[in-house]
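Visitor:
Residue numbers (my numbering), protein chains in the order written: chain F, 28 to 178; chain E, 21 to 112.
1. For residue 96/F, which residues in the same chain have their Cβ closer than 7 Å to its Cβ, ignoring the five residues on either side in sequence?
2. Can you grab the Cα-Cα spacing for the pair residue 73/F / residue 135/F, in whole Å?
3. What did DSSP end up calling residue 118/F once you bin it into helix, strand or coil?
4. Within 8 Å of any Cβ in chain F, is that where the Cβ of residue 104/E sits?
5. Which full runs of the alpha helix (DSSP H) of 4+ residues lie inside the segment 25-64 of chain E, going along the chain?
6. Measuring straight from C-alpha to C-alpha, what distance separates residue 44/E and residue 151/F?
7. Name the chain F residues that come within less than 8 Å of residue 113/E, Cβ to Cβ?
8. Indicate whether the contact test is met: 3 or more Cβ pairs, each with one atom in the segment 23-35 of chain E and one in the segment 143-161 of chain F, closer than 8 Å.
9. So, using beta-carbon positions, are residue 70/F and residue 83/F closer together than 8 Å?
10. Residue 66/E and residue 153/F look like a contact to me (Cβ under 8 Å); what is the Cβ gap, rounded to whole Å?
11. Could you spell out the range, first to last residue, of the beta strand (DSSP E) harbouring residue 75/E?
12. Skipping 5 residues on each side, what residues in its chain have a beta carbon closer than 6 Å to that of residue 77/F?
13. If we define contact as Cβ-Cβ less than 8 Å, is residue 91/F a contact residue for chain C?
14. Measuring alpha carbon to alpha carbon, tell me which of 116/F, 75/F, 66/F ends up nearest residue 172/F.
15. Which bits of chain F does residue 108/E rub up against, with CB to CB less than 7 Å?
16. Could you check whether the Cβ of residue 86/E sits closer than 8 Å to any Cβ belonging to chain F?
17. Can the beta-carbon of residue 156/F be found closer than 8 Å to that of residue 81/F?
18. Given a cut-off of 8 Å on the beta-carbon distance, is the pair residue 108/E and residue 86/F in contact?
19. Check each residue of the segment 142-175 of chain F: if its Cβ is closer than 7 Å to any Cβ of chain E, include it; give the result in chain order.
Shown next, in the form of structure tokens:
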């Protein structure tokens, strides 16, 4: 299947991003396709269920990790008040959960700390994806469904 | 089994083939089936304490199902930090 795609691209001389992405995916590969699919499903389903916007950042968070995570949260797109950022820095062994002002009402800091605790337990065992998915599940369970109040 | 069919003597080569070759073949097939999938997608597994030299990645939910009340208007309004931030922090 893949060879036919590349063959077609070579014939009509068009740039085929799929062929390139396969190569790039192999050079700097953090997660397998299966893990990426699980992460994608977890993020999308938690966001859909709760009405909040869960995003996941994986990478280095400078020296004051909290400040960097909050800065990232302001750039997380959408309405930041309802955004929840999970920032994981495996190199520094730090995970930060940042909730916007509206999200913090449904996700108190204590619930976030509980989710963070379960995440760090899994991370310490080397299971990044499992920890993230469990943390997301806890956060979305705690946030519950959005309440549609009449204004 | 009739009078004409007389079973010939089994040679040494045939004996080795049946009693050593066949089990070895079975073992090799099972070993290949066991080892091959792991070799194909071998990736360095994360272990706590090792350096993380991957580029930062930001994963987002699918946009049409994302939270908030959507729209570009919300994106513009959300550029400024909105109120106090909550959350938690953990290390491992």
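Where a beta carbon is used, it is the ideal one built from N, C-alpha and C, also for glycine.
Guide: Concretely, from the data shown:
1. Counted from its first residue, the first chain places residue 96/F at position 69. Contacts found: 88, 112, 114, 123, 125.
2. Walking along the first chain from the start, residue 73/F turns up at place 46. Walking along the first chain from the start, residue 135/F turns up at place 108. Roughly 17 Å separates the two Cα atoms.
3. Against the first chain, residue 118/F aligns to sequence position 91. Three-state DSSP puts residue 118/F in coil, outside helix and strand.
4. Translated into positions along the second chain, residue 104/E becomes position 84. Chain F contact via Cβ: present.
5. 32-36, 42-60
6. Looking up residue 44/E in the second chain gives position 24. Looking up residue 151/F in the first chain gives position 124. Each residue's alpha carbon lies about 41 Å from the other.
7. It is not possible to answer for residue 113/E, since the shown part of chain E is limited to 21 through 112.
8. no
9. As a first step, residue 70/F is located in the first chain; it is residue number 43 there, counting from the start. As a first step, residue 83/F is located in the first chain; it is residue number 56 there, counting from the start. Yes, these two residues count as a Cβ contact at 8 Å.
10. In the second chain, residue 66/E corresponds to position 46, counting from 1. In the first chain, residue 153/F corresponds to position 126, counting from 1. Correct: roughly 5 Å between the Cβ atoms.
11. Locating residue 75/E in the second chain gives position 55, counting from the first residue. No beta strand (DSSP E) holds residue 75/E; DSSP gives it neither H nor E.
12. Here residue 77/F is taken as the residue at index 50 of the first chain, counted from 1. Taken in chain order, the residues that qualify are 167, 170.
13. Absent here is chain C; the protein component of the structure consists of chains F and E.
14. Within the first chain, the letter at position 145 stands for residue 172/F. Minimum Cα distance to residue 172/F is reached at 75/F.
15. Residue numbering aside, residue 108/E sits at position 88 when the second chain is read from its first letter. The contacting residues are 124, 136, 139, 140, 143.
16. Walking along the second chain from the start, residue 86/E turns up at place 66. With a pLDDT of 43 at residue 86/E, under the threshold of 50, the modelled position of this residue cannot be trusted, and the question is left open.
17. As a working mapping, residue 156/F is identified with position 129 in the first chain. As a working mapping, residue 81/F is identified with position 54 in the first chain. It is not a contact, given that the beta carbons lie outside the stated cut-off.
18. By 1-based counting over the second chain, the position of residue 108/E is 88. By 1-based counting over the first chain, the position of residue 86/F is 59. Contact: no.
19. 143, 144, 146, 147, 150, 151, 153, 155
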